[in-house]
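First comes the structure, then the notes that go with it.
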Amino acid sequence: MSIPIQYTVTIVLAHRSAKKFKLATSLAEDLSQIRILSKNKAFEYNINKKPSKSKLKNILQSNEVPADISISNDPQRKKKLLICDMDSTLIGQECIDELADFAGIKMLVSKITESAMNGEINFEEALIKRVSLLKNLDISSLKKCFQERITINKGARILCQTMKANGAKTAIVSGGFTFFTNEIALACGFETHSANELISVKNKLTGVVKKPILGREAKLNTLKHLTSDLGGSSSALAIGDGANDLSMIKAAGLGIAYKAKQIVASEAKCEILHTDLTTALYFQGYSESEFVFS
């Protein structure tokens, strides 16, 4: 007699609410199976038959309960590698668009960025074109941009610190720029970071990015390299929002689309749309009492 596959359903509410939490928990067929991860905020339960995520979403939406949902049958829920995109994932902006504002060309550059993130145009070609438009921008603009424009998304540091405390490797892999990944790695506690390097001469950007360009395949290869001694890509949690993140998101044991473009959200195993980055911890079975807030 075969042992039935057991699924874990995790539901994280956008806002802490006793009333809405009670309504959400009623989705579980057996209330005794519910494990509360955060009071009136997040819970999980086990079920033998795989439920319909779209049906669960529709029920919650019809009752005005915004929430993010994960359905998993992965026996290795807590991952050994956290690998994240930076722009519009760990931070709330696209760095190149904000830099372009200092050059007075944000609208032009933003349109190219949007097309690249939607997978409408080749990422590498789009990056070369956008960087060329930054020619002669003073490199002091990078620091000013970081200080004045860049905001770290809620939960980014807690996610990184909690997984590190539980023995996971942590890495940023970005199609953005090394100046910014270095700052974000320091702020959140990521152990490694990789991105594209802007070339400058006499404190001015040349409009050229150092090759090879870090894009979609490089992100996937980084994931594979970092998990080579961890049991393979199934041991990774990958989070991103754009088309150039899709390969690593699909390869990871737990791939999450974070407030992502439709092309990414439709193919990722999980999506964070209503909540913050700590939801990636709940999806692995962490309770709020295990979070590292330092």
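Numbers 1 to 294, taken from the working numbering, label the letters of the sequence shown in order. Don't be surprised by glycine CBs; every beta carbon is placed ideally from N, CA and C. Computed from a predicted model, the values in this text were never measured in an experiment.
Per the DSSP calculation, residue i is bridged to which residue(s)?
{"i": "residue 234", "result": "According to DSSP, residue 234 bridges with nothing at all."}
{"i": "residue 257", "result": "240 and 271"}
{"i": "residue 99", "result": "Answer is none; residue 99 lacks a bridge partner."}
{"i": "residue 229", "result": "Residue 229 pairs with nothing; no bridge assigned."}
{"i": "residue 44", "result": "10 and 35"}
{"i": "residue 169", "result": "81"}
{"i": "residue 70", "result": "10"}
{"i": "residue 177", "result": "196"}
Run the CB neighbour count on residue i, radius 10 Å, all protein chains shown included, and call it buried at 16 or more, exposed below.
{"i": "residue 261", "result": "buried"}
{"i": "residue 31", "result": "exposed"}
{"i": "residue 29", "result": "exposed"}
{"i": "residue 244", "result": "buried"}
{"i": "residue 62", "result": "exposed"}
{"i": "residue 104", "result": "exposed"}
{"i": "residue 284", "result": "buried"}
{"i": "residue 229", "result": "exposed"}
{"i": "residue 35", "result": "exposed"}
{"i": "residue 211", "result": "exposed"}
{"i": "residue 167", "result": "exposed"}
{"i": "residue 335", "result": "Since the first residue shown for the chain is 1 and the last is 294, residue 335 is missing from the structure and cannot be characterised."}
{"i": "residue 290", "result": "exposed"}
{"i": "residue 151", "result": "exposed"}
{"i": "residue 165", "result": "exposed"}
{"i": "residue 293", "result": "exposed"}
{"i": "residue 232", "result": "exposed"}
{"i": "residue 148", "result": "exposed"}
Can you name, in chain order, every residue of its own chain whose Cβ lies under 7 Å from the Cβ of residue i, other than the five neighbours on each side?
{"i": "residue 200", "result": "139 and 206"}
{"i": "residue 14", "result": "66, 67, 274 and 275"}
{"i": "residue 269", "result": "254 and 255"}
{"i": "residue 53", "result": "69 and 71"}
{"i": "residue 50", "result": "7 and 71"}
Excluding sequence positions up to five away, which residues of its chain have a Cβ less than 6 Å from the Cβ of residue i?
{"i": "residue 41", "result": "13 and 16"}
{"i": "residue 172", "result": "84, 86, 181, 185, 190 and 193"}
{"i": "residue 24", "result": "11 and 65"}
{"i": "residue 160", "result": "170, 188, 189 and 190"}
{"i": "residue 72", "result": "8"}
{"i": "residue 70", "result": "10, 270 and 283"}
{"i": "residue 257", "result": "264, 265, 268 and 271"}
Hey, would you say the C-beta of residue i is under 7 Å away from at least one heavy atom of the ligand SAM?
{"i": "residue 257", "result": "Among the components of this structure there are no ligands whatsoever, and the ligand SAM is therefore not found."}
Identify, in the order they occur along the chain, each residue of the same chain with its Cβ nearer than 8 Å to the Cβ of residue i, setting aside the five sequence neighbours on each side.
{"i": "residue 108", "result": "100 and 133"}
{"i": "residue 176", "result": "86, 87, 94, 95, 96, 195 and 196"}
{"i": "residue 266", "result": "none"}
{"i": "residue 113", "result": "94, 96, 97, 126 and 130"}
{"i": "residue 313", "result": "Lying outside 1 to 294, the shown extent of the chain, residue 313 is not represented and no answer is given."}
Give the secondary structure of residue i by DSSP, where H, G and I count as helix, E and B as strand, and everything else as coil.
{"i": "residue 19", "result": "helix"}
{"i": "residue 201", "result": "strand"}
{"i": "residue 191", "result": "coil"}
{"i": "residue 297", "result": "Examination of residue 297 is not possible in this model, given that the chain is present from 1 through 294 alone."}
{"i": "residue 196", "result": "strand"}
{"i": "residue 206", "result": "strand"}
{"i": "residue 156", "result": "helix"}
{"i": "residue 280", "result": "helix"}
{"i": "residue 287", "result": "coil"}
{"i": "residue 59", "result": "helix"}
{"i": "residue 245", "result": "helix"}
{"i": "residue 112", "result": "helix"}
{"i": "residue 123", "result": "helix"}
{"i": "residue 91", "result": "strand"}
On the premise that residue j lies in contact with residue i, defined as a C-beta separation below 8 Å, what is that separation, rounded to the nearest angstrom?
{"i": "residue 81", "j": "residue 226", "result": "5 Å"}
{"i": "residue 131", "j": "residue 209", "result": "5 Å"}
{"i": "residue 213", "j": "residue 124", "result": "5 Å"}
{"i": "residue 59", "j": "residue 153", "result": "That pair is no contact at about 28 Å."}
For chain B, is any of its Cβ atoms less than 8 Å away from the one on residue i?
{"i": "residue 73", "result": "In the displayed structure, chain B is absent; only one protein chain is listed."}
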